[in-house]
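Asker: Attaching a single structure in structure tokens format; questions to follow.
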Amino acid sequence: MKILLTSGETMTRLFNLDWQLLADSVLSMIAILFLFFALSYFLFNPARKMLRGRTEKIKGELSQAAQDMEEAKAMKEEYEGRLRDIQKEADEIMAEARKKAIISENRIIGDAKAEAARIMERARMEAELEKKKAADDVKKEMIAVASLMAGKVVSGAIDVSVQESLVDETLKEMGESTWLS
2 MKILLTSGET
12 MTRLFNLDWQ
22 LLADSVLSMI
32 AILFLFFALS
42 YFLFNPARKM
52 LRGRTEKIKG
62 ELSQAAQDME
72 EAKAMKEEYE
82 GRLRDIQKEA
92 DEIMAEARKK
102 AIISENRIIG
112 DAKAEAARIM
122 ERARMEAELE
132 KKKAADDVKK
142 EMIAVASLMA
152 GKVVSGAIDV
162 SVQESLVDET
172 LKEMGESTWL
182 S
């Protein structure tokens, strides 16, 4: 396109700028803006919505992780406290078991001493019974000897003085301690 100047010279345009080009340019701009808004609505908004959702999901997971960490710390402290309590409880159980063992030991020793005392008393009583039995046996033997002497006295018709002397001799032979016990 050429432009005429007043002096008769023609000048050529650089871009061929005319009304048609300007109208086409404006329509292209409007079409680009329309496409931009349409693409923004149909493509960018869902992408933004997806990114927002992902961001919220990540924030939720981070907050859940922080909450889980707090719960884990609380549980750890609770378990450590329980372990301390278990150790204290074990010490208390051991102390109680020691006390019971000492009490049981004292009871067993007391029972053994009482049983030993009963056995000693029974042995002493049996010894006394044996002593009495031996004394009774000696008395029975003396009675038998006295009966035998009486038989000799009667058979020999010994007088009373002879009989007394025989009894005295027999007693001296057996000993006076036999009669006393």
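When you read off a place in the sequence shown, starting at 1, and then add 1, the result is the number in the numbering used here.
Here a beta-carbon is modelled for each residue, glycine too, at the ideal position from N, C-alpha and C.
(1) I'd like to check one pair, leucine 130 with lysine 153: are the Cβ atoms closer than 9 Å?
(2) Please state if the CB of methionine 143 and the CB of methionine 175 are separated by a distance shorter than 9 Å.
(3) In three-state DSSP terms, what is methionine 2?
(4) In whole angstroms, give me the CA-to-CA distance for leucine 172 and serine 105.
(5) How far does the alpha helix (DSSP H) with leucine 40 in it reach, from first residue to last?
(6) With a floor of 4 residues, list each alpha helix (DSSP H) that falls wholly inside the stretch 130-154, ordered by position along the chain.
Answerer: Put simply:
(1) no
(2) It is a contact, given that the beta carbons lie within the stated cut-off.
(3) Caution is warranted here: a pLDDT of 48 is assigned to methionine 2, below 50, making its placement in the model unreliable, and the coordinate value is therefore given only provisionally. Three-state DSSP puts methionine 2 in coil, outside helix and strand.
(4) 59 Å
(5) 20-40
(6) none
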